[in-house]
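Student:
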Amino acid sequence: TAVDKLFVTIGGAFTIADKDWFVADAGSQEQIKLALGASYGITEAFKLSASFAMLKYHSDVADDPVFQFGVGGDYAINDVLGVVADVRMLLPNNDADPTLSFLVGLNGAVGSNASLGLGFQGIVGLGDKATKGDLKVVQATEADKFAFAVPIRASIWF
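The working numbering numbers the first residue of the sequence shown as 1281 and each following residue consecutively.
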C-alpha cells in the first residue's frame, strides 16, 4: 500500500428485488448498503480501525438513509490470543433517537488456519424514542432500553 500498515476497504450490497416482493410483516429489508472501513497498525501489537456505513431500506416507515459509524481497536497479547473493543453509533432516520453499541471480546488462533472469538456486546438507546421504529436495531420495550448479546465467532480459511 501507499501507507505502510494502512488497510482500506470499501464494499456494497444492492437488493434487486422490488419493494412489493418483501413480506409485509417482515419489517425493513436492506435495499442498499455502502460501507467504508480503514485500519492502521499503530504498533506490531495494536491496530486501530474506523468504519462508516450508509443503509437504505425497503420500508414505508424509513425512506431516508440510515448512517452508522464506529471505531475500534485490536491488541495482540501474544501470537495466539488477542483482545478487541468496538464502539458504533447508529443514526436512524425515522424520528428515532440514535443507538450506541459496544463490543469487548477475545480472539484466539487455532492452528494456522482457524480462529475463535468470544465477546460481550451491548446496545443502548440514547433517548426516549431510541427503540421505536422499523429499523434493524434491537427492538426493546419502553422499559428495557439496554440489550446485550454474547457473540461467538468461528473462522476457518484454506
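Here a beta-carbon is modelled for each residue, glycine too, at the ideal position from N, C-alpha and C. Since we're looking at a predicted model, the values are computed, not measured.
Take Asp1359 and list the residues in its own chain whose beta-carbon comes closer than 8 Å to its own, dropping the five residues that flank it on each side.
Tutor: Ala1389
Student: According to DSSP, simplified to helix, strand and coil, what is Gly1391?
Tutor: coil
Student: To the nearest angstrom, how far is it from the Cα of Met1334 to the Cα of Gly1292?
Tutor: 9 Å
Student: For Val1430 and Leu1398, I'd like the C-alpha separation in whole angstroms.
Tutor: Computed Cα separation, rounded: 7 Å.
Student: Please classify Val1283: does DSSP put it in a helix, a strand, or coil?
Tutor: coil
Student: What do you reckon, is the C-beta of Ser1331 under 8 Å from a heavy atom of the ligand FMN?
Tutor: Among the components modelled here there is no ligand, and therefore nothing to report on the ligand FMN.
Student: Determine the DSSP secondary structure at Ile1443, reduced to helix, strand or coil.
Tutor: Residue 1443 lies beyond the range of the chain shown here (1281 to 1438); nothing can be said about it.
Student: If I follow the unbroken beta strand (DSSP E) through Phe1438, where does it start and stop?
Tutor: Taken as a continuous stretch (DSSP letters only), Phe1438 belongs to no beta strand (DSSP E), as it is neither H nor E.
Student: Report the three-state DSSP secondary structure of Ala1365 (helix, strand or coil).
Tutor: strand
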